[in-house]
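Take a look at the structure:
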């Protein structure tokens with residue numbers, strides 16, 4: 142999960158904002174009047190909007206990313222709950238039947254979160270892998286460089 146967040150953050154900061162900023166600097170240096178400055182800035186904003194998947198055409202991608210983040214939040218919530226319960230049963234948790242029951246429930250919930258998370262990431266990769274936008278294809282490759290998610294079967298729709 143951390144890998145996904147880090148790769149997405151890198152993509153936005155370096156591949157989108159960094160490249161757009163460099164282009165903006167070049168365009169500003171070559172501008173001869175205020176209209177060209179204004180046009181360079183608009184071009185920069187359009188690149189940022191498109192690259193950060195904020196334009197309307199990327200709605201499906203954003204929804205899928207949101208689903209991935211929802212699973213990450215579910216995982217964090219479960220991890221905090223397990224930690225809290227473990228602290229409360231700190232003395233001899235293996236002898237406590239309530240702890241054992243909760244641990245089994247949490248293991249099942251964790252498996253569910255893992256399964257849904259992997260499906261959401263795979264779905265996102267399927268959406269972006271065949272994009273004409275080379276930058277999105279690069280993101281797809283970097284998120285799935287070991288083909289881990291390719292091996293996960295998606296449910297039929």
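Residue numbers (our numbering): 142 to 298.
Built from N, CA and C at the ideal position, the CB exists for glycine as well.
In this text, all values refer to a predicted model and were calculated from it rather than measured experimentally.
Reference residue 242, options 223, 254, 175 and 166, closest by Cα: 223
CB contact flag (residue 220, residue 189, <9 Å): no
Straight-line Cα distance separating residue 284 from residue 192: 16 Å
Inter-residue Cα distance where the pair is residue 257 and residue 207: 13 Å
Residue 145 burial status per 10 Å Cβ neighbour count (16 or more: buried): buried
Straight-line Cα distance separating residue 203 from residue 164: 25 Å
Nearest neighbour of residue 153, chosen from 184, 279, 214 and 255 [CA to CA]: 279
Distance CB(residue 290)-CB(residue 266) smaller than 9 Å: yes
Environment of residue 209 [buried if 16+ CB atoms lie within 10 Å]: buried
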